[in-house]
Each structure stands twice: as C-alpha cells, then as structure tokens.
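Visitor: A single structure is presented below for examination.
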Amino acid sequence: MSQLFLRTLRDDPADAEIDSHKLLVRTGAIRRISSGIYSWLPLGNRVLRNVEQIVREEMDAAGAQEVILPIVQPLELWERTGRDVAYGPQMFKFKDRRETGFALAPTAEEVVTSIVASEYSSYRDLPVNLYQINWKYRDELRPRFGLLRSREFLMKDAYSFHVDVEDLRKTYAAMYEAYERIFARCGLTVRAVEAQAGEIGGDINHEFMAVAPVGEDDFVWCRSCDYAANVEAAVRSALVAPGSSVDASIAAPEAVPTPGMGSISDVAAHLGVPENTLLKSIAFDVGGKLALAVVPGDREVNEFAFKRAVAPLAARLYTDEDFARNPAIPKGFIGPDHSEVSIVVADPSVHGGQGWVIGANRVEEHTRNAVPMRDFRIDVVADLVIVASGDSCARCGGELSVDRGIEVGHVFQLGTKYSTALDATYTDDAGAQHPMVMGCYGVGVSRIVAAVVEEHSDENGITWPEGLAPYDVQLMVLAGKGDAGAGVKDAAERLYRDLQAAGVSVLFDDRDASPGVKFADADLLGMPVQIVLGAKGLARGVAERKIRATGERDEIAIDEVVTTLSGR
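Residue numbers (my numbering): 40 to 607.
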C-alpha cells in the first residue's frame, strides 16, 4: 500500500447522499471530475474489471460474441429510427467541422443493426448475438447518487438477430438465465420484473432490480405467486367496471365552496369525508385535445398506463403553460364533466355505486354526489392507478407488496422496429425478404458496483463479496522497531510473495502507520479476508485472520496461510 495510488477519507463527501457514493469516494475507488462524471482510481478500477470479467464469461457462455462499437455515432442513423427526437435533451449531440451531426452513444441499436444489415442477408446467417462492454453517455439533468444516476457509465449491451420470434425467444431465455448467473456471482439480491420498454421499444421486456431502499424505482411483487413488475407496468386484479351498478338513491349533484383548498387532503378535511370519496382528474394533452385520467383521490395516476390506454394517440401531461393558455381549465379544480374534455379514461374503481366529490370546473369549488355514467361520461376504462402494497394480484389474487430497487439489467424482445427502419433484412429459403427479428440486452456494469456496495456494507465500510473485491486478502504487518520488527517485516513479505505465487491477490499494508489506522482502513476498504502478522504471533508461528463480512476471527499457522487461502 505504500506504493499504491490511494487516499482514503475519514469523512463522508458533502455531496454524497447514499452509502455507495459515500463509501466509493471514501475508499478512493472513484473521484468526481464534473457533475455526473467520475474517474476510476486503482481500487475502483479493479472492481470494475472484476464485474466486466463476470459479465464477459457469462456472455461468452451464452453464445454471444464480443465486439467494440463506436461511442461517437452518426446522428443520421438515429434520425432514421426517430430516436434522436425520442431521447430528447438526454442525448449529447454535436457537429464536426464539416457540420455533420453526431451523438455520444446512449445505446447502440442503430449502429449494430446497420452493421449486421451490411454483413448478413440470408436466413443461413442467423441467429447471431453480438455484445460490447463500453461507455455510454446520457445528459442527465440532475445527476445524483454517485454512480446510480451519472452522465457517463459503463454498460454491457448485447443485440441478437433472428429469423422469427420463436428463435428470438430461445436467445431471450438464454440471456435471461445468463443475467441471473451474473447477478448471483456479483452477490446481488435481484428480482426480475415486467417493465416498460421506454425509448428502447419492444413488446416484451424485463428489468432486473437489485433490492435496495435507496433504489430509484419501485417494483411490485406478489407474496403468493411469481408475479413481479416495475410499478410503471404493474396491474392489480380487475374491479367492478364504472356504471355497472349505479345507485339511483344518490342525491343530485351539489356545488360546494372549497376556498383555499389546494390539495385532495385539504378538500377531504374541509368536507369531512375520506380522501377515497374524491375523484382526482389529471389533465393530459392527447392528440392536441384535453383528456382526463380519473382515479380515486387516495391513489396516484400511472402515467404510462394512461398512455397505453389512449395509444396509438400521443399523450403528455398538461404543463403549467398549458393551463395558463386555457383559463377555462382551472388547475386543481377540473372535473370529468368539463365541456372541453375529449376523452375521459377512468380506473375501474371509479364505480357508480357511490356519489363522488369532483372538481366543479371553477376555482375554489367542488361538486358533491357526482355519479359516473349519470353525471359524467367515461369513454375508456383502464387500470390507471399506481399499484400499492395491499392491492390484489391480477394473476392469483394474492397480496401485492411494493419494494424499491436499483435497475442493474434490462432485456427486450424488440421485434422488427430497428430492422425495418434500417433495412436489416434476410432472404428465406423461398427467396422472400423479411426484416430481422431483434432482441437487446443491457447490464449496467458500473451500476452493479454501486448496487453491490449498497447491499454489502456496514457502519465501518464496504464488505466486498469474493470474486468482486479489488483483492482477495488484505495483509497487515504490525512491526515494531529493532530486530524484532525487521523479522516481522521479512516474514510478512515472504507471505505476501507466497500468496501471490499461489494465485491469491493481496493488498499488502506495509505502511509505517499505527495499528488503529491500518485496522480502520482495512474495514473501510473491505477485502473479504484480513491477515494480521505481528511480533507476538510470529513468535508463536501464527497469523490472525478476520472475515470482513462477519467479523469472525481466528488464528492460522503461518505455514498454512497459503494453502488455507488458496484452497491448494
């Protein structure tokens, strides 16, 4: 360690919010260069390379072939698929001196598809599965959480090409299983969940979520079956459809003043009713017209579910600018009976068996006793609410729970979206041309490092899993002065060389530092095994061993340390 480029920190960095960010900086693994951009220093780089190696071994075993694709990509390719617009300001774009447009790669579907299209044209060429481990770039508006939301990140992305969906599903299953092995080898607790496709596209896809309280994504899982989904894609069991049982005894609608009431909770408290008796009407622009998503007041609208319900029409949430341009649509007081509403999409829980409180379409006023299909129409019924813990599973009726996670992998069945746009076709045995059927498969290599630290750390530092740690062993020499100290140093150096010769990677703390400093740094850095050699132990022919993850300690005969740690 006396020669290692390493500086540990005693205090957490001021800008760090989560454990992985704090510890990776404190251990000298990474250093911030700019917002969302980090340098990987020697210890961090060793961990990153270990993750890479695990990913590479599993990709090779699954039949994928490694390539290197350019980070600087022609914007023209992205324009052909329309994703130059879909990615929006997240894409780094620039022009060269000839005014030709380029982008820094956020992913590589366009490039790899164009390459395969130029090389392969027959059904005999397929399937083929190509992968790379390379840096990606996304211009995050507010980078945070260290490696979890950064502008530059290391990613493994693979792309497979097939003659049909059946063949794609075989590779998809093989890659899915490879991902399970990757995350298990990295020591991560991961759950695969159904997910939204986002900018990538495709009909079927799964995210791999590392379970972590600091995760940016919520996911839903069933306690009784294997159903699991990202909260954006999750659904609950079907409820009674609106209007199916209108209660004729409900009184006529009644306007009630709600002065200064800016929230559902304010209105409910003012009227003395539960929040779930109010209706929340969220405004969207759908094809240039006003549309509403209507859910009970105690639930939140799933924006993705609404967009699925009105597809293929394009939909976006109303902005403050939209409300400013349309004073007849009062923000916070709009109701589903508004005369300008073109489409009303309601959750199944908005039934006709009760009177609801809705916005009166006038500022500081609501309407009581509004009944769907009597007092306002519903055009589309769709599961619109964000699923919550305690909801019932759509698959088995069991209880659903919600946890948080870090997305460390994502696999997609893309279909022909990119092959059609980029003319990646093959000729079948009858001479007919067809677009290639594609899959793509991503792993966040640098994200895995952060996720592992979130799961494998304690109050003293990191507890790296075996196989991922920068070194297998941290060897500490506690040598005093004089001949005895020199003897301890000599014995420690011999042990260091013998361990290396046996294939054990060793971080040798040969610094002239106090035992307290060495022990604190060893716990902070988190190598799986610590070996301590001091004068008293040397005199007895033993070294002390500590298992970092458990704190368990014992003594090993010095002449047995190599065989014990190397398994030889």
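Cβ coordinates follow ideal geometry from the N, Cα and C atoms, glycine included.
If you're wondering where the values come from, they're calculated on a predicted model, not measured in any experiment.
Quick check on residue 558: does DSSP put it in helix, strand or coil?
Guide: Position 519 of the sequence shown, counted from the first residue, corresponds to residue 558. Correct three-state label for residue 558: helix.
Visitor: What's the gap between the Cα of residue 150 and the Cα of residue 460?
Guide: What you label residue 150 is simply residue 111 of the sequence shown in a count that begins at 1. What you label residue 460 is simply residue 421 of the sequence shown in a count that begins at 1. Cα to Cα, residue 150 sits roughly 12 Å from residue 460.
Visitor: For the stretch 338 to 346 against the stretch 424 to 432, do three or more pairs of beta-carbon atoms, one drawn from each stretch, fall closer than 8 Å, so that the two count as touching?
Guide: yes
Visitor: Would you be able to state if there are at least three C-beta pairs under 8 Å between the stretch 288 to 297 and the stretch 475 to 495?
Guide: The stretch 475 to 495 vs the stretch 288 to 297: no contact.
Visitor: Return the residue from the list 230, 121, 396, 209 that minimises the CA-CA distance to residue 310.
Guide: Stepping through the sequence shown from its first residue, residue 310 is reached at position 271. Cα-wise, what sits closest to residue 310 is 396.
Visitor: In whole angstroms, what is the alpha-carbon distance linking residue 378 and residue 259?
Guide: On the sequence shown, position 339 is the one that residue 378 refers to. On the sequence shown, position 220 is the one that residue 259 refers to. The alpha-carbon atoms of residue 378 and residue 259 are separated by roughly 37 Å.
Visitor: Between which two residues does the beta strand (DSSP E) holding residue 257 run?
Guide: Residue mapping note: residue 257 aligns to position 218 of the sequence shown, counting from 1. Start and end: 256 to 261.
Visitor: Apply the 10 Å Cβ neighbour rule to residue 446 and answer buried if 16 or more other Cβ atoms are within range, or exposed otherwise.
Guide: By 1-based counting over the sequence shown, the position of residue 446 is 407. By the neighbour-count rule (16 or more Cβ atoms within 10 Å), residue 446 is buried.
Visitor: Starting from the Cα of residue 387, find the closest Cα among 302, 108, 421, 289 and give me that residue.
Guide: Taking the sequence shown and counting its residues from 1, the one referred to as residue 387 is at position 348. When only C-alpha atoms are compared, the closest one is 421.
Visitor: For the beta strand (DSSP E) that contains residue 172, what are its first and last residues?
Guide: By 1-based counting over the sequence shown, the position of residue 172 is 133. Residue 172 -> beta strand (DSSP E) spans 167 to 176.
Visitor: Sorted by chain position, which residues of the same chain lie with C-beta nearer than 8 Å to residue 383's C-beta, five sequence neighbours on each side aside?
Guide: Within the sequence shown, the letter at position 344 stands for residue 383. Correct list, in chain order: 330, 331, 333, 375, 415, 416, 417, 418, 419.
Visitor: For residue 189, which of helix, strand or coil comes out of DSSP?
Guide: Within the sequence shown, residue 189 is the residue found at index 150, counting from 1. Residue 189: coil per DSSP, three-state reduction.
Visitor: Keeping to the same chain, check which residues put their C-beta closer than 8 Å to that of residue 472; ignore five residues upstream and five downstream.
Guide: Walking along the sequence shown from the start, residue 472 turns up at place 433. Only 464, 465, 466 meet the Cβ criterion.
Visitor: If residue 186 and residue 77 are in contact, beta carbons under 8 Å, what's the gap, nearest whole angstrom?
Guide: For this step, residue 186 is matched to residue 147 along the sequence shown. For this step, residue 77 is matched to residue 38 along the sequence shown. 7 Å between Cβ atoms; contact.
Visitor: Measuring only the C-alpha atoms, how far is residue 79 from residue 67?
Guide: The residue you call residue 79 lines up with position 40 of the sequence shown. The residue you call residue 67 lines up with position 28 of the sequence shown. Their Cα atoms are separated by approximately 9 Å.
Visitor: Return helix, strand or coil for residue 81, following the three-state DSSP convention.
Guide: In the sequence shown, counting from the first residue as 1, residue 81 sits at position 42. Looking at residue 81 - three-state DSSP - the assignment turns out to be helix.
Visitor: If we ignore side chains and look at the alpha-carbon of each, how far apart do residue 266 and residue 492 end up?
Guide: Here the question's residue 266 lines up with position 227 in the sequence shown. Here the question's residue 492 lines up with position 453 in the sequence shown. One C-alpha to the other measures close to 27 Å.
Visitor: Between the Cα of residue 47 and the Cα atoms of 606, 458, 556, which residue gives the shortest distance?
Guide: Counted from its first residue, the sequence shown places residue 47 at position 8. Taking only the C-alpha atoms, the option nearest residue 47 is 556.
Visitor: Which of helix, strand or coil does DSSP assign to residue 123?
Guide: For the purposes of this step, residue 123 is taken as residue 84 along the sequence shown, with counting starting at 1. Here residue 123 sits in helix by DSSP.
Visitor: Does DSSP put residue 253 in a helix, a strand or coil?
Guide: Taking the sequence shown and counting its residues from 1, the one referred to as residue 253 is at position 214. In this structure, residue 253 counts as coil in the three-state DSSP scheme.
Visitor: Are the stretch 58 to 67 and the stretch 500 to 517 touching, with three or more C-beta to C-beta distances below 8 Å?
Guide: The stretch 58 to 67 vs the stretch 500 to 517: in contact.
Visitor: What are the complete alpha helix (DSSP H) segments, minimum 4 residues, inside the stretch 193 to 245?
Guide: 204 to 224
Visitor: Please determine, among 547, 448, 264, 83, the residue with the shortest C-alpha to C-alpha distance to residue 250.
Guide: Counting from one through the sequence shown, the residue named residue 250 turns up at place 211. Nearest option by C-alpha distance: 448.
Visitor: Give the C-beta separation of residue 229 and residue 248 to the nearest angstrom, bearing in mind that I take them to be a contact with Cβ-Cβ under 8 Å.
Guide: Walking along the sequence shown from the start, residue 229 turns up at place 190. Walking along the sequence shown from the start, residue 248 turns up at place 209. The pair is a contact, with the Cβ atoms about 6 Å apart (cut-off 8 Å).
Visitor: By Cβ distance, which residues of its chain are closer than 7 Å to residue 282, with the 5 residues on each side in sequence left out?
Guide: The residue labelled residue 282 in the question sits at position 243 within the sequence shown. Residue confidence for residue 282 is low, a pLDDT of 48 falling below 50, so the modelled location carries little weight; the figure read from the coordinates is stated next. Cβ within range, chain order: 391, 411, 412, 417.
Visitor: Expressed to the nearest angstrom, what Euclidean distance is found between the alpha-carbon atoms of residue 261 and residue 339?
Guide: To locate residue 261, count along the sequence shown from 1; it is residue 222. To locate residue 339, count along the sequence shown from 1; it is residue 300. In a straight line, the C-alpha of residue 261 is about 20 Å away from that of residue 339.
Visitor: Can we say the stretch 567 to 585 touches the stretch 509 to 525, given the rule of at least three CB pairs closer than 8 Å?
Guide: Yes: the two stretches touch, three or more of their Cβ pairs being nearer than 8 Å.
Visitor: Just list the beta strand (DSSP E) runs in the stretch 303 to 367, keeping only unbroken ones of 3 residues or longer that don't cross its boundaries, in chain order.
Guide: 318 to 325, 328 to 335, 354 to 356
Visitor: Expressed to the nearest angstrom, what Euclidean distance is found between the alpha-carbon atoms of residue 132 and residue 372?
Guide: In the sequence shown, residue 132 corresponds to position 93, counting from 1. In the sequence shown, residue 372 corresponds to position 333, counting from 1. The straight-line gap from Cα to Cα measures roughly 41 Å.
Visitor: Rounded to whole angstroms, what is the Cα-Cα separation between residue 137 and residue 117?
Guide: If you number the sequence shown from 1, residue 137 lands on position 98. If you number the sequence shown from 1, residue 117 lands on position 78. Straight across, the Cα-Cα distance linking residue 137 with residue 117 is about 19 Å.
Visitor: Taking its Cβ as the centre, do 16 or more other Cβ atoms sit within 10 Å of residue 613, making it buried, or is it exposed?
Guide: Here the chain has residues from 40 to 607 only, and residue 613 is not among them.
Visitor: Ignore the nearest five residues each way along the sequence and tell me which others in residue 434's own chain have a CB closer than 8 Å to its CB.
Guide: For the purposes of this step, residue 434 is identified with residue 395 of the sequence shown, where counting begins at 1. Result list for residue 434: 261, 264, 266, in chain order.
Visitor: Excluding the 5 residues flanking residue 179 on each side, which residues of the same chain have their C-beta closer than 8 Å to its C-beta?
Guide: For this step, residue 179 is matched to residue 140 along the sequence shown. 75, 129, 188, 189, 190.
Visitor: Since residue 496 sits in a beta bridge, which residues does DSSP pair it with?
Guide: Looking up residue 496 in the sequence shown gives position 457. Answer is 501, bridged to residue 496.
Visitor: When you compare only the Cα positions, how much space is there between residue 440 and residue 496?
Guide: Looking up residue 440 in the sequence shown gives position 401. Looking up residue 496 in the sequence shown gives position 457. Going by the C-alpha atoms only, they are around 25 Å apart.
Visitor: Compute the Euclidean distance between the alpha carbons of residue 215 and residue 53, then round it to the nearest angstrom.
Guide: For the purposes of this step, residue 215 is taken as the residue at position 176 of the sequence shown. For the purposes of this step, residue 53 is taken as the residue at position 14 of the sequence shown. Taking the straight line from one Cα to the other gives about 39 Å.
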